[in-house]
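Peer 1: In my numbering, the protein residues as written are 0 to 211. Note that beta-carbon positions come from the ideal geometry of N, C-alpha and C, so glycine has one too. The structure's right below; bear with me while I get my questions together.
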């Protein structure tokens, strides 16, 4: 089962990305998605190789955003694919059945398609406006999550859903009550000076008990 807290990496250089990922891992994140869109193949490979080593050291799950060939080349744990990235069935052929494939969703119909195509989890959002991503899909808000999760229950669609997009610490309890599996955050962790405290608080809210 996937951990409930997913960190999506930030940084404009290999060094910034690696620093931010190391900080997240060192302070309690166990699931990292490397998102490094605007970079060269060489830099992407350099970062992915370093992050894989780190995640092995921390016994954490490592997935790569979009770059399926890179994930296969370095034997990452899986990939996360946006709605305009490689099709999930094609990625499954390349990566095999043992790898994690996550998919972005904005609607119930997106989730239906992902389940049909053999996706392992869904990143559903955005919860609210976020500067992290260009070309943002329509904002869902709490009511959007409630509606989509209810439809999933009625259709008996059983797939882990991560809420994503502008989520703050104070949002987590109400979001989890909708039935999502967890949250995926980026700036919330990257920009926080007190990461140990923040990640501990997030995990306590996500898992429903105090982590010592």
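State buried or exposed for residue 238, treating a residue as buried only when at least 16 other CB atoms are found within 10 Å of its CB.
Peer 2: Absent from the structure is residue 238, since the part of the chain shown begins at 0 and ends at 211.
Peer 1: Scan the region 65–92 and note each continuous alpha helix (DSSP H) run of 4 residues or more that stays entirely inside, going in chain order.
Peer 2: Counting only runs of 4 or more, we get 67–73.
Peer 1: What's the gap between the Cα of residue 37 and the Cα of residue 73?
Peer 2: If you take the alpha carbons of residue 37 and residue 73, they lie about 19 Å apart.
Peer 1: Suppose you measure from the CA of residue 97 to the CA of residue 130; what does that come to, to the nearest Å?
Peer 2: Computed Cα separation, rounded: 33 Å.
Peer 1: Under 7 Å Cβ to Cβ from residue 81, same chain only, skipping five residues before and after it: list those, please.
Peer 2: Same-chain partners within the cutoff: 65, 103.
Peer 1: Which residues mark the beginning and the end of the beta strand (DSSP E) in which residue 186 is found?
Peer 2: Residue 186 -> not in any beta strand (DSSP E); alpha helix (DSSP H) instead, spanning 186–189.
Peer 1: Just how far apart, CA to CA, sit residue 117 and residue 19?
Peer 2: Spanning the two alpha carbons is a distance of roughly 31 Å.
Peer 1: Out of 145, 139, 79, 140, point me to the one whose CA is closest to residue 113's CA.
Peer 2: Comparing Cα positions, the closest option is 79.
Peer 1: Okay, do the region 180–188 and the region 147–167 touch, 3+ Cβ pairs below 8 Å being the bar?
Peer 2: Touching, yes.
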